[in-house]
Amino acid sequence: MDNNDFKNFENNADAEYGTEQTVTFEKPPSYVTKKAFVLLLILTLIVGAGIGYLIGNSISAQSGPTDFLQISDSNRSLDKATNSELSIQQIIAKNENSVVEISTESAATDSWLGSFIKEGAGSGVIVKSNGYIVTNNHVIDGSSKNIVTLLSGKSYDATLVGTDPLNDLAILKIDAKDLDPVNFGTTTDLVVGDLSVAIGNPLGELGGTATTGIISALNRLIEIDGSTLNLIQTDAAINPGNSGGGLFNQQGNLIGIVIAKSGGANIEGLGFAIPIETAKPIIEDLIDNGKITNRPIAGITIADIDTENLASQLGTNQLGVYVIEVTGKNAKKAGLKKGDHVAYLDETPITSSDQLIKEIQKHKIGDTVTFTVTRDGQKTEVKVVLEDASNYNN
Numbered sequence: 004m005d006n007n008d009f010k011n012f013e014n015n016a017d018a019e020y021g022t023e024q025t026v027t028f029e030k031p032p033s034y035v036t037k038k039a040f041v042l043l044l045i046l047t048l049i050v051g052a053g054i055g056y057l058i059g060n061s062i063s064a065q066s067g068p069t070d071f072l073q074i075s076d077s078n079r080s081l082d083k084a085t086n087s088e089l090s091i092q093q094i095i096a097k098n099e100n101s102v103v104e105i106s107t108e109s110a111a112t113d114s115w116l117g118s119f120i121k122e123g124a125g126s127g128v129i130v131k132s133n134g135y136i137v138t139n140n141h142v143i144d145g146s147s148k149n150i151v152t153l154l155s156g157k158s159y160d161a162t163l164v165g166t167d168p169l170n171d172l173a174i175l176k177i178d179a180k181d182l183d184p185v186n187f188g189t190t191t192d193l194v195v196g197d198l199s200v201a202i203g204n205p206l207g208e209l210g211g212t213a214t215t216g217i218i219s220a221l222n223r224l225i226e227i228d229g230s231t232l233n234l235i236q237t238d239a240a241i242n243p244g245n246s247g248g249g250l251f252n253q254q255g256n257l258i259g260i261v262i263a264k265s266g267g268a269n270i271e272g273l274g275f276a277i278p279i280e281t282a283k284p285i286i287e288d289l290i291d292n293g294k295i296t297n298r299p300i301a302g303i304t305i306a307d308i309d310t311e312n313l314a315s316q317l318g319t320n321q322l323g324v325y326v327i328e329v330t331g332k333n334a335k336k337a338g339l340k341k342g343d344h345v346a347y348l349d350e351t352p353i354t355s356s357d358q359l360i361k362e363i364q365k366h367k368i369g370d371t372v373t374f375t376v377t378r379d380g381q382k383t384e385v386k387v388v389l390e391d392a393s394n395y396n397n
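In my numbering, the protein residues as written are 4 to 397.
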C-alpha cells in the first residue's frame, strides 16, 4: 500500500459519548461587520494556502520514485571534476554531451547484390575538447567513411587517427573545438553492486540513450574476435550500437568503454566494458603517435584470478596472476602456456596483472625477461624476448 494513504477520522460526539449527559450552551448572538468579514476571508485563504503547502510537501516527501527522469537546469550546471556521489539525472547531465553517435560506410560485395555500400553504427566518447573520440576498433574496422553526430544533432566527417585491435580500441578525430570531454575515473575501488550508467547509441538510431544498472562482475574473461579480454560486467541494458559508448560510475566519471553484449533471444542483462585502466594509456598513445609505439609486450593476455570461481575456470585452486592466452610469437617460442601462474618476473614477486604490466614497461623492446611460472605444481623459468606492440596493430 502506498505511503500516501490518508485515513479520515469523523468526530461524532453523540456516537462516542452517547451514554453521557449532554450539556447545551446557548451561544450569544454574533455580529460581524463587512470589514471584519473581509479580513476573516483573507486570513482563511492564507491559512488554507499554508495547509495546502504542508500537505503537498508531505505527499512529495512520502512518494516513491517516479518512472520519469527530469533533469533540471540546476542539475545541468555541474562541476565536471566533482568526486561526490551524483544522482542518476546528474550523471546523465554531466556526460550526455560527451557521448556521440558514429555512422560508418564500407564497400561490400554479395553474390546476389554485387557491390554495395554497407552501413554500420556505434558509439564514441569525447576524450579531448578539440575533437578526439575513442570508440571500439570493431565499430570502424574496414570502413571507408566515418560520421560523428553530437547530441546537438550536428554531424562531422571523422578521420581515423589510430587503432589497437588487440584491445578493440580506436581513436577518431573531428574538426571541432570546445567540445565536452569526459572525466576519467578508476576501477580500483569498484565493487560488485556499485551503480553503473551506460550512455550510447543503441540499435544505431537512438543516440543519447542512457540505461542504468549495477556492476555485476569484475575481471570477467570474455573472448571477442579471437582475443580474450579482461572486462567489467554490467546489467545496464546494452544493445547493438552501444559499442564504443561510455560506462560511468556514481561520480559520473568514465570507468569503461562499452564493448559487447552477450547475444541470444533468452539472454538479457549481460553487458561488458573495457576497464579505463586498460583503455587510458592506449588512448593517450594513439592520440600522441597514431599507433601503439615503444610499448614492449610479452605477447600474453593475463588476468587477476582473485576468486575461487575464476580459479576453477582455469582448473586450479591457487589465486594470483595467470596467463589466459599466448598471442606473441616470442612467448609461444619460449614456451609460455595458457594456465601458467606467474609468480615472478625476473626477481620481482608478481601480485597483480597491473604490476606485471608496469614491470614489463620498465624494459625496452628486445630485452629478455624471465618469467617464473607454476605449471602442474612445478615451478618453471621461461625466458621471453619482449616484442613491439605495434607489430600487432594490424
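Glycine included, every Cβ here is placed at the ideal spot set by N, Cα and C.
**OP:** Just grab the DSSP bridge partners of Lys1 for me.
**Re:** The structure shown does not extend to residue 1, since the chain spans only 4 to 397, so no value can be given for it.
ask   = Grouping DSSP H, G and I as helix and E and B as strand, with all else coil, what is Ala314?
value = helix
| query | Terminal residues of the continuous alpha helix (DSSP H) containing Ile177? | reply | Taken as a continuous stretch (DSSP letters only), Ile177 belongs to no alpha helix (DSSP H), as it is neither H nor E.
- Task: List the DSSP bridge partners of Leu198.
- Result: Ile217
Notebook entry, point to check: Expressed to the nearest angstrom, what Euclidean distance is found between the alpha-carbon atoms of Asn242 and Glu390?
Noted result: Looking at the two C-alpha atoms, the distance is approximately 36 Å.
Check your understanding: For the 8 Å Cβ check, are there 3 or more pairs between the segment 297 to 306 and the segment 198 to 208?
Key -> no
task = Compute the beta-carbon to beta-carbon distance between Val164 and Leu175, rounded to the nearest angstrom, for a pair I have assumed lies under 8 Å.
result = 6 Å
Measure the alpha-carbon distance for Leu339 versus Lys361 and round it to whole angstroms. 19 Å
Compute the Euclidean distance between the alpha carbons of Thr190 and Ile258, then round it to the nearest angstrom.
6 Å
> Which same chain residues, not among the five before or five after Lys382, have their C-beta less than 8 Å away from its C-beta?
Replying inline: Hits under 8 Å: Ala346, Thr375, Val376.
If you measure between the beta carbons of Gly203 and Val102, is that distance less than 8 Å?
yes
Query raised in the report: Counting along the chain, where does the alpha helix (DSSP H) carrying Ile241 start and finish?
Result: Element bounds for Ile241: n/a, residue is neither H nor E.
Alpha-carbon spacing of Thr231 relative to Ala213, whole angstroms: About 27 Å.
**Q.** Segment limits, beta strand (DSSP E) that includes Pro278
**A.** 274 to 278
- Query: Taking DSSP as the reference, what is the three-state secondary structure of Lys284?
  - Reply: Note on residue identity: the sequence assigns Pro, not Lys, to residue 284. Helix.
What does a CB cutoff of less than 8 Å around Lys180 pick up in its chain, not counting 5 residues either side in sequence?
Ser132, Asn133, Gly134
> Less than 8 Å separating the beta-carbons of Ile300 and Leu234?
Replying inline: no
- Query: How many Å lie between Ser356 and Lys367 at the Cα?
  - Reply: 19 Å
Could you give the first and the last residue of the continuous beta strand (DSSP E) run that contains Glu104? 102 to 113
Report the start-end ranges of each beta strand (DSSP E) in the segment 310 to 365 that is 3 residues or longer and not cut off at the edges.
323 to 329, 344 to 348
**Q.** Closest residue to Gly156 among Ile105, Ser109, Val142, Gly123 (Cα-Cα distance)
**A.** Ile105
Quiz item: For Asn252, which residues of its own chain have a beta-carbon under 6 Å away from its beta-carbon, when the five flanking residues on both sides are left out?
Solution: Gly188, Ile258
_I need the DSSP call for Glu88, collapsed to helix, strand or coil._
coil
query = CB Val385 to CB Gly369, shorter than 8 Å?
reply = no
Practice problem: Can you say whether Gln73 is buried or exposed, counting buried as having 16 or more other CB atoms within 10 angstroms of its CB? | Solution: At Gln73 the pLDDT is 32, less than 50, meaning the model places this residue with poor confidence and gives no usable figure here.
Problem set entry | Straight-line Cα distance separating Gly342 from Leu169 | In this structure, the alpha-carbon of Leu169 lies about 20 Å from that of Gly342.
(Q) So for Asn98, helix, strand or coil by DSSP? (A) helix
_Quick check on the burial criterion: 16 or more other C-beta atoms within 10 angstroms. Buried or exposed for Ser118?_
exposed
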